[in-house]
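In this note's numbering, the protein residues as written are 25 to 159.
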């Protein structure tokens, strides 16, 4: 039986660099990001790496891996999630994420689950939703 939890995400740092030659299309980039999760997931400073494809200057897709260390509904440990999302011309971002199998540590060993978040421009922090099982 799955448990549902939710909360908010805010980002503390975003460092992005282009990896394709100047003027190449589509443009590829990497971003190193630090996020903070509150609510059901409490992780003060995550470690996150994104690979980004810009189809236009303001639209595209991304994949990433994020390590969350802290608590999940009061249980202490860490886990990694794989993320896939897209971003639109208006600046909105839609993302789904899934726990990397076997990545849970401490009281989060055996964690499985998936979630989503949607960012809208000017919304900080922004909401996430997460459904999970332990065992």
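For glycine and all other residues, C-beta sits at the position ideal for the given N, C-alpha and C.
query, result
"Using DSSP bridges, identify the partner residues of residue 62.", "32"
"Determine whether the beta carbon atoms of residue 108 and residue 123 lie at a separation below 8 angstroms.", "no"
"In terms of residues, what are the limits of the beta strand (DSSP E) holding residue 155?", "150–157"
"Pull up the distance between the alpha-carbon of residue 45 and that of residue 120, whole angstroms please.", "29 angstroms"
"Within its chain, find whatever has a CB closer than 7 angstroms to the CB of residue 57; leave out the 5 residues flanking it on each side and keep chain order.", "35, 37, 38, 72 and 74"
"Can at least three beta-carbon pairs, one atom from the stretch 128–135 and one from the stretch 97–114, be found at a separation below 8 angstroms?", "yes"
"Measuring CB to CB, does residue 138 end up less than 8 angstroms from residue 104?", "no"
"What residue from 106, 31, 42 and 150 has the CA that sits closest to residue 209's CA?", "In this structure the chain extends from 25 to 159, so residue 209 is not present and cannot be described."
"Given a cut-off of 8 angstroms on the beta-carbon distance, is the pair residue 68 and residue 60 in contact?", "yes"
"Tell me, to the nearest whole angstrom, how far the beta carbon of residue 95 is from that of residue 113; I am working on the premise that it is less than 8 angstroms.", "With 8 angstroms as the limit, residue 95 and residue 113 do not qualify as a contact, their Cβ atoms being about 37 angstroms apart."
"How many angstroms separate the CA atom of residue 110 from the CA atom of residue 80?", "12 angstroms"
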